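Those letters in the sequence shown? Residues 1 to 268, by the UniProt record's numbering.
The C-beta atom is built at its ideal place from N, Cα and C for all residues, glycine as well.
Please read these numbers as outputs of a predicted model, since none were measured by experiment.
A short worksheet on the structure shown next.
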Amino acid sequence: MTPTKGDVKHWLKAIGKNRDWLAMECGTEKGTVNNWLSPSGPFPASAMLKIQSLMSQYKTVQPEDEPVQTNRLVLEITEERMRKYERAASEKGVPLRQWLTDLADEAAEERQLRPTHSPLVPLVRQFPSHAGHARREYSTQIIGNIAAGSLAESDTVPSTIYMERPLGKNEYVVRVEGKSMEPLIPDGSLVIMRRHTAPSIPKPGTIVEYNDGRGVTLKKLIRRTNAETGKTEYVLQPINPAFKDITPMDGGSISGIYMETLVNYRKG
């Protein structure tokens with residue numbers, strides 16, 4: 001029986017030989033062998049006869065007490081994609097299973113031939129790593145301070161830091177002053193906020209930057225029923241129980257959404 005391209009690949013692997021060796025035995029170049037074994041490459045009859053002879057000479061021996069290890073792969077694909085695969089396999093004159101196997105083998109072999117390291121190293125600032133690797137570092141500015149206590153004026157004097165990730169769209173960094181959001185956000189922490197411009201109010205439980213005529217503060221937005229009026233209203237709640245809730249006032253707005261607290265960064 002004429003071996004398939006997949007059979008040839010498996011045979012080379014089983015006998016511990018590579019395509020350089022096969023090219024030498026067939027009196028050709030490795031690139032030609034790669035072309036033979038590619039899903040779309042032609043396989044000359046003379047080359048196949050030579051390979052059949054080599055396969056007879058270099059047979060793989062399977063121990064009698066060791067069963068052949070096989071694995072089954074189940075694919076879930078649409079009917080349209082299945083018809084495309086069947087047409088492609090038919091054009092190559094091979095069974096669908098062989099066509100799929102050849103494609104998978106080719107992709108795996110191309111991946112192995114790729115360089116493991118990029119020849120170009122980006123010129124960026126980097127953090128030292130305990131594992132001995134370098135990580136990218138991104139420059140940004142702390143645009144001000146935000147109170148985590150009572151409402152306070154925001155400090156708008158910027159300063160530069162270097163952090164592990166770039167800021168996303170509408171994101172900015174502020175320094176937290178106060179202990180009302182401890183232990184989640186310690187006093188003095190740098191936090192990433194995302195600018196809130198949507199007309200809708202964030203869902204309850206979201207930590208927000210609230211801004212009104214009294215200043216700016218960082219609090220958790222909640223909804224609760226007013227005991228006097230019986231109406232449901234929004235309240236700005238601290239995490240630290242030692243601090244009091246803040247009631248929003250007319251004209252106030254939510255200007256930012258808390259994203260995360262920075263851990264690994266350095267000052268510029």
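Which of the three DSSP states, helix, strand or coil, is assigned to residue i?
i: Asn145; result: strand
i: Asp20; result: helix
i: Arg81; result: helix
i: Ser200; result: coil
i: Asp65; result: The predicted position of Asp65 is uncertain, since its pLDDT is 49 and thus under 50; no value can be drawn from it.
i: Ser253; result: strand
i: Val94; result: coil
i: Lys50; result: helix
i: Thr2; result: coil
i: Ser56; result: helix
Kindly identify the DSSP beta-bridge partner or partners of residue i.
i: Met193; result: Tyr172 and Tyr258
i: Arg224; result: Glu233
i: Leu218; result: Glu209
i: Glu177; result: Ala147
i: Ser159; result: Ile142
i: Arg266; result: Tyr162
i: Ile246; result: Leu236
Report all residues from its chain with a CB closer than 7 Å to the CB of residue i; omit the five preceding and five following residues, and keep chain order.
i: Gly6; result: Gln98, Thr101, Asp102 and Asp105
i: Lys30; result: Arg19, Asp20 and Ala23
i: Lys9; result: Leu37 and Asp105
i: Asn34; result: Arg19
i: residue 284; result: Lying outside 1 to 268, the shown extent of the chain, residue 284 is not represented and no answer is given.
i: Gly251; result: Asp212 and Gly213
Identify, in the order they occur along the chain, each residue of the same chain with its Cβ nearer than 6 Å to the Cβ of residue i, setting aside the five sequence neighbours on each side.
i: Lys220; result: Ile207 and Gln237
i: Val265; result: For the record, residue 265 in the displayed sequence is Tyr; it is not Val. Within the same chain, Tyr265 has close Cβ partners Ile161 and Met163.
i: Asp245; result: Val235 and Gln237
i: Tyr138; result: Met163 and Pro166
For residue i, I'd like the list of residues in its chain whose CB is within less than 8 Å of its CB, leaving aside the five on either flank, ordered along the chain.
i: Leu253; result: The question names Leu, but residue 253 in the sequence shown is Ser. Same-chain partners within the cutoff: Tyr210, Asn211 and Asp212.
i: Gln52; result: Thr2 and Pro3
i: His196; result: Pro202, Val208, Glu209, Ile254, Ser255, Gly256 and Ile257
Check whether the segment 43-62 touches the segment 92-104, taking contact to mean three or more Cβ pairs, one atom from each stretch, closer than 8 Å. Contact check between the segment 43-62 and the segment 92-104: fewer than three CB pairs, one atom from each, fall below 8 Å, which does not count as touching.
Can at least three beta-carbon pairs, one atom from the segment 161-181 and one from the segment 237-244, be found at a separation below 8 Å? Counting Cβ pairs under 8 Å, three or more are found: they touch.
Does the segment 189-203 come close enough to the segment 161-170 to have 3 or more Cβ pairs within less than 8 Å? Flag = yes, the segment 189-203 and the segment 161-170 touch.
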